[in-house]
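Participant: What follows is a structure written as structure tokens; I'll ask about it next.
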Amino acid sequence: MELENFKKHMQILNQSQVDEYRRKYIDKYINTYSKYYIERIETLEEFSDGLCCTGYLWDCLKSPTFIHEEQIEKYRSKLKQVLIFWDNHSKDLIYIKDYWKFGKKTMVRVDYNLFLDHAHFFPEDVYLTDETLQWTRSYSRMKMT
Numbered sequence: 010m011e012l013e014n015f016k017k018h019m020q021i022l023n024q025s026q027v028d029e030y031r032r033k034y035i036d037k038y039i040n041t042y043s044k045y046y047i048e049r050i051e052t053l054e055e056f057s058d059g060l061c062c063t064g065y066l067w068d069c070l071k072s073p074t075f076i077h078e079e080q081i082e083k084y085r086s087k088l089k090q091v092l093i094f095w096d097n098h099s100k101d102l103i104y105i106k107d108y109w110k111f112g113k114k115t116m117v118r119v120d121y122n123l124f125l126d127h128a129h130f131f132p133e134d135v136y137l138t139d140e141t142l143q144w145t146r147s148y149s150r151m152k153m154t
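FYI, the numbering for the sequence shown is 10 to 154, going by the numbering used here.
So this is what it looks like as structure tokens:
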């Protein structure tokens, strides 16, 4: 599926919804007292594309656990609509051509299976939850060594 067709199957949330979900997500899942969070996420730096963080929320998760790719596939039958967002990084620090298919501060609602089948449209590191915020998954295509 091409990107423009994919966009027809998802919803981009308005900025007030994004701000509210992001705030609630951070309150619930992120250790905002950590030095890393304060220095790399809360403290924004000026770049050519505006104020951006230099860290990753997943580095500040309160209770992180690693799950394997096989487990991600098992969620296909359980998860339906998910909210997806990503860290607000600067294009100055990203060396992948055409990286941002959506706005840096965007949050989308999309079917979980559709996301998995088209994850290449999204940044390498994304956060998934649903509207209840009862669960979260951070999804990374970064090679872990």
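For every residue, glycine included, the Cβ atom is placed at its ideal position computed from N, Cα and C.
(1) Per DSSP, what kind of secondary structure is VAL135 in: helix, strand or coil?
(2) If LEU92 and ASP139 are in contact, beta carbons under 8 Å, what's the gap, nearest whole angstrom?
(3) Cutting at 6 Å between CB atoms, please list the residues of its own chain near THR145, excluding the five before and the five after it.
(4) Locate the beta strand (DSSP E) running through GLN90, then write down its first and last residues.
(5) Going by DSSP, what residues sit across from GLU55 in a beta bridge?
(6) What are the partner residues of LEU70, as DSSP defines its beta bridges?
(7) Please classify MET153: is it buried, with 16 or more other beta-carbons within 10 angstroms of its beta-carbon, or exposed?
Facilitator: On the basis of the supplied data:
(1) Walking along the sequence shown from the start, residue 135 turns up at place 126. Strand, per DSSP.
(2) Within the sequence shown, the letter at position 83 stands for residue 92. Within the sequence shown, the letter at position 130 stands for residue 139. With 8 Å as the limit, LEU92 and ASP139 qualify as a contact, their Cβ atoms being about 6 Å apart.
(3) Looking up residue 145 in the sequence shown gives position 136. The residues are TYR38 and THR138.
(4) The sequence position of residue 90 within the sequence shown is 81, counting from 1. Run containing GLN90: 90-94, per the beta strand (DSSP E) assignment.
(5) Along the sequence shown, one-based indexing puts residue 55 at 46. DSSP output for GLU55 lists LEU60 as bridge partner(s).
(6) Your numbering for residue 70 matches position 61 in the sequence shown. ILE39, per the DSSP bridge assignment.
(7) As a first step, residue 153 is located in the sequence shown; it is residue number 144 there, counting from the start. Reliability fails at MET153, whose pLDDT of 45 lies under 50, so the model's placement of it is uncertain and no value is given.
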